[in-house]
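**Q** Chains as they are written, first to last, in my numbering: chain G, 148 to 921; chain L, 1484 to 1686. Even glycine gets a Cβ: it sits at the ideal position worked out from N, Cα and C. The structure under discussion is supplied below as structure tokens; questions concerning it will follow.
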Ligand code: FES
Ligand code: FES
């Protein structure tokens, strides 16, 4: 089964949101604050409004409804306002719609903003200090979680402890943000958007526009990647405001620089981890302090922290744990969802610790992991009992047994050496290293949230008399392949070939977010349930029409089956084509899928917060040029806990893509800020892996079905992103013999003075976490 | 699947390249106003460009003036390859070329590669090997791979990866893209069949 949208994509005919044209459409651009923290004394738009071609200009004064929005807490202003503060460099201040983009840009340049710059708070360790100003009426603390598990003060005789720091990664999806907003005759608005969650967008847009939700209609336009970066609102409210003000359609679009500034990123993290074990390698306790920099606004920070801290001890049995996490507000760019959602950061930490511990114990790193790996029935630090399959032991064992790549060969082209052709390494100065990482990652939304998904299915006769099904789900296809899976499920359940996926829009109930590895399970479950309901209704109708007795009609599925377009009931002596059954009229059903109930974290961080988990193990092999500090990732092997596999090709694409993003975080990707300003918001300076950087993936899929998921599926996109980074860092450590506590690893960490750039280097307040509330 | 290609992607209406009439009008207006005026041969069609700035990139003119949205814009800095086209058969990032400089050349986008059997084979293999996810990089990759396999039909793995390092893909991790290229080479008898190691399954 191949992607239904594939042919249009390979021919360049698939329309992404930035490709859309609507007659009479205006073009919009956004003005952003250059200051990470400033008061706006005065905003003068008169000259900008007079720029030829300008149709409308909107600022905070033009927001009719709620002035703020947000995924969890509405704390982010639609526009930084007069007499209000702007809280990060890049915060929108105004938006202009004009006849073309050039006129809109000229108008932005003509807007006069009188900023009174204020000293920004950019060190998250200072965010909660007594002398730090409160940056927002909601305060500087987004969330604190303190998990206490087992007994306080029980530790093993072997102790490893260290600090780790992880930089800010960007989703860097390839198609920059854009949206088209079209004012409607009924006073409402229609939006074509590239988003991960149509209904959340709608709720936030409607609140800011002071419109009832049914007057705000969203349709998913072509999405060019997401990875968490489209879960938050960016262009949507601005486009809607402009279109309503202009009474004309508006397309708003970001360029790459704006895209880097416009959406929340992966949280930079600092952590101190202390692991203790017995002399024979049994973990006794883990103590973790994790500090996430949430940036200026909440976005999904509270949920990201819960994920980070509940996974901070990794997929290991830990009898005693104290896991304390904070996510704080600063004047850095806002951070939110990115693939892995808090887990990649802590995985980098706990896997470094496991290697340290193996070293201290004189044990093999694989053996230590095997020995301590979680198994179903084990109790997690939250008190949650691990259910479902989690073949963590098997994964790390499998990946360690994969054949190793051949040793570096003499290569006159230099292409296979670190740095490739431009930085040809001296072969005798290249060292090879091997590293491992194991992780687990929760699936679906956690902490008691019922993130249900609804789908509608209609089975009818097409014009040519053949049965034809329409599947309607608001699930956002962002590239991951839900369209393929949905069609595959409908075809299987309905037993017919003609499946049409209606555009994802808000005319059907929410499918929840395309995130948290949840859509195959949740919206796949909804499509399956709706199809099953359609089949039940169709069979009942046939049984009724055939005059079968009432009990048979009510349980028609027991006596009738659909095969090859025929409805057959051998025992009741019935045979009818699906087409004939549909001649009596179409059949339609809607189904809402819920996952099992979880609970919020209560006192001492205890509860049953996560629906289920998936695990992954990577082995990385790297070559390092000891003179230039350049790294080449020679090979990656992955063993992953995949549940039932519905589409092997889509699975492979997800795990390879996830691995590449983890590789990026290991050795190249970081959005660098200087006093709150992003200094590298371009593909020139923010490097993402190319085909020359990513080796072939040696992939082993472990396919134990997840009992409570439709068909036994598990989400697959996130776990490999968590393990790729620490496996590569471990391999580099093995090659160069340095601690490497700062990620991404840069050449100067490998060839400079030892421990250049340590994770606690810029501590202004003594300890690595500054002054905290506890 | 009865869902047409267009049906899988919502939009109010297809992109509207300027009609012949509009082009003639624009031409007249440009001549009258003394604005930049030139013709571009895009995918075999002669298109008149008027009113564009002489400083406009080929990418801007293709997308914004001529409605050629098969060429994608992801960086405008020559760093991502989403805007890849062939100019007289040579691979170029259209965001780094002045449109006016392309006057007198043959510009080919993914939409104009159709006649080439090689491009068709590449497109088919991108689909069958799973090289397409969000697809935003795909038009650029198809152009770049067509150029590569025309120039170096037997490029080996490393050469392929180096040659495509100017085209970014954020979704696939490149594995399936390289697999698609190897499959094209196999199909054309350039590579022995069966080199690909596949996934191992542990039920
Ligand atoms: S848009 Fe031209 S290379 Fe990125
Ligand atoms: S498929 Fe999404 S960027 Fe390549």
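Alpha carbon to alpha carbon, what distance is there between residue 295 (chain G) and residue 466 (chain G)?
**A** About 11 Å.
**Q** So, is the C-beta of residue 381 (chain G) closer than 8 Å to a C-beta in chain L?
**A** No, residue 381 (chain G) does not count as interfacial toward chain L.
**Q** Considering only residues of the region 199-231 of chain G, which uninterrupted beta strand (DSSP E) runs meet the minimum length of 3 residues and lie entirely inside it, listed in chain order?
**A** Correct list: 201-205.
**Q** Could you have a look at residue 841 (chain G) and say whether DSSP puts it in helix, strand or coil?
**A** DSSP places residue 841 (chain G) in coil when its eight states are reduced to three.
**Q** Give me the Cα-Cα distance between residue 1614 (chain L) and residue 284 (chain G), rounded to the nearest whole angstrom.
**A** Taking the straight line from one Cα to the other gives about 48 Å.
**Q** Does the distance from the CB of residue 1647 (chain L) to the CB of residue 1666 (chain L) come in under 8 Å?
**A** Not closer than 8 Å, so no.
**Q** Just curious, the beta strand (DSSP E) that residue 603 (chain G) is in, first and last residue?
**A** Note, residue 603 (chain G): beta strand (DSSP E), 600-608.
**Q** Heavy atom of ligand 1 less than 7 Å from the Cβ of residue 1560 (chain L), yes or no?
**A** Residue 1560 (chain L) Cβ: within cutoff of ligand 1.
**Q** In the DSSP assignment, find the beta strand (DSSP E) that holds residue 682 (chain G) and state where it starts and stops.
**A** Looking at the DSSP string, residue 682 (chain G) is not in any beta strand (DSSP E); the run it does join, the alpha helix (DSSP H), is 666-692.
**Q** Would you report the Cα separation of residue 456 (chain G) and residue 732 (chain G), rounded to the nearest angstrom?
**A** C-alpha separation (whole angstroms): 54 Å.
**Q** Would you check whether ligand 1 has a heavy atom nearer than 7 Å to the C-beta of residue 371 (chain G)?
**A** Checking the Cβ of residue 371 (chain G) against ligand 1 gives no.
**Q** For residue 813 (chain G), count neighbouring Cβ atoms within 10 angstroms of its own Cβ and tell me buried if that reaches 16, exposed if not.
**A** Per the 10 Å Cβ criterion, buried.
**Q** If the criterion is Cβ atoms closer than 8 Å, does the pair residue 587 (chain G) and residue 369 (chain G) meet it?
**A** Cβ distance not < 8 Å, so residue 587 (chain G) and residue 369 (chain G) don't count as in contact.
**Q** For residue 1544 (chain L) and residue 1581 (chain L), I'd like the C-alpha separation in whole angstroms.
**A** One C-alpha to the other measures close to 9 Å.
**Q** Closer than 7 Å by C-beta to residue 161 (chain G): which residues in its own chain qualify, once you throw out the five before and the five after it? Chain order, please.
**A** Same-chain partners within the cutoff: 152, 155, 369.
**Q** Could you round the C-beta distance between residue 595 (chain G) and residue 746 (chain G) to whole angstroms and report it? I think they count as a contact, below 8 Å.
**A** Right, their Cβ atoms sit about 5 Å apart.
**Q** For residue 1538 (chain L), decide whether its Cβ has a neighbour in chain G, counting only Cβ atoms nearer than 8 Å.
**A** It does not: the Cβ of residue 1538 (chain L) has no partner Cβ on chain G nearer than 8 Å.
**Q** Would you say residue 1590 (chain L) reaches chain G, if we count a Cβ-Cβ gap shorter than 8 Å as a contact?
**A** No - not a single Cβ of chain G is within 8 Å of the one on residue 1590 (chain L).
**Q** What is the residue span of the alpha helix (DSSP H) that residue 490 (chain G) lies within?
**A** That run of the alpha helix (DSSP H) goes 490-508.
**Q** Measure the Cβ-Cβ separation of residue 176 (chain G) and residue 236 (chain G) and say whether it is below 8 Å.
**A** Contact: no.
**Q** Measure from the C-beta of residue 1562 (chain L) to each C-beta in chain A and report whether the shortest distance is under 8 Å.
**A** Absent from the structure is chain A; the protein chains it does hold are G and L.
**Q** In chain G, what lies closer than 8 Å to residue 1633 (chain L) by C-beta?
**A** What residue 1633 (chain L) touches in chain G: nothing, since even the nearest Cβ is about 18 Å away.
**Q** Does any CB atom of chain L fall closer than 8 Å to the CB of residue 803 (chain G)?
**A** At least one chain L Cβ lies under 8 Å of residue 803 (chain G).
**Q** Suppose you measure from the CA of residue 166 (chain G) to the CA of residue 278 (chain G); what does that come to, to the nearest Å?
**A** Spanning the two alpha carbons is a distance of roughly 49 Å.
**Q** Would you mind sorting residue 817 (chain G) into buried or exposed? The rule is 16 or more other CB atoms within 10 Å of its CB.
**A** Burial call: buried.
**Q** Using a Cβ cut-off of 7 Å, pull out every chain L residue sitting near residue 372 (chain G), in sequence order please.
**A** Ordered by position in chain L, the residues that pass the 7 Å Cβ test against residue 372 (chain G) are 1617, 1619, 1653, 1654.
**Q** With which residues is residue 846 (chain G) paired in a DSSP beta bridge?
**A** Answer is G:785.
**Q** Which one of G:419, G:864, G:644 has the shortest CA to CA distance from residue 148 (chain G)?
**A** Per the Cα distances, G:644.
**Q** Is any beta-carbon of chain G found at less than 8 Å from that of residue 1670 (chain L)?
**A** So no, residue 1670 (chain L) is outside the interface.
**Q** So, are the CB atoms of residue 1594 (chain L) and residue 1553 (chain L) less than 8 Å apart?
**A** Yes, they are a contact pair.
**Q** Would you kindly report the start and end of the unbroken beta strand (DSSP E) that includes residue 1528 (chain L)?
**A** From DSSP, the beta strand (DSSP E) with residue 1528 (chain L) extends over 1528-1533.
**Q** Per DSSP, residue 478 (chain G) forms a beta bridge with which residues?
**A** The partner list for residue 478 (chain G) (beta bridge, DSSP) is empty, contrary to what the question assumes.
**Q** Indicate, with yes or no, if ligand 2 has a heavy atom lying under 7 Å from the CB of residue 1652 (chain L).
**A** Yes; taking the cut-off as 7 Å, the Cβ of residue 1652 (chain L) has a heavy atom of ligand 2 nearer than that.
**Q** Is residue 1576 (chain L) near ligand 1 - that is, is its Cβ less than 7 Å away from at least one heavy atom of it?
**A** Residue 1576 (chain L): yes, Cβ under 7 Å from ligand 1.
**Q** Tell me, which residues are paired with residue 1641 (chain L) by DSSP?
**A** Beta-bridge pairing links residue 1641 (chain L) to no other residue.
**Q** What is the DSSP secondary structure of residue 1605 (chain L), counted as helix, strand or coil?
**A** DSSP places residue 1605 (chain L) in helix when its eight states are reduced to three.
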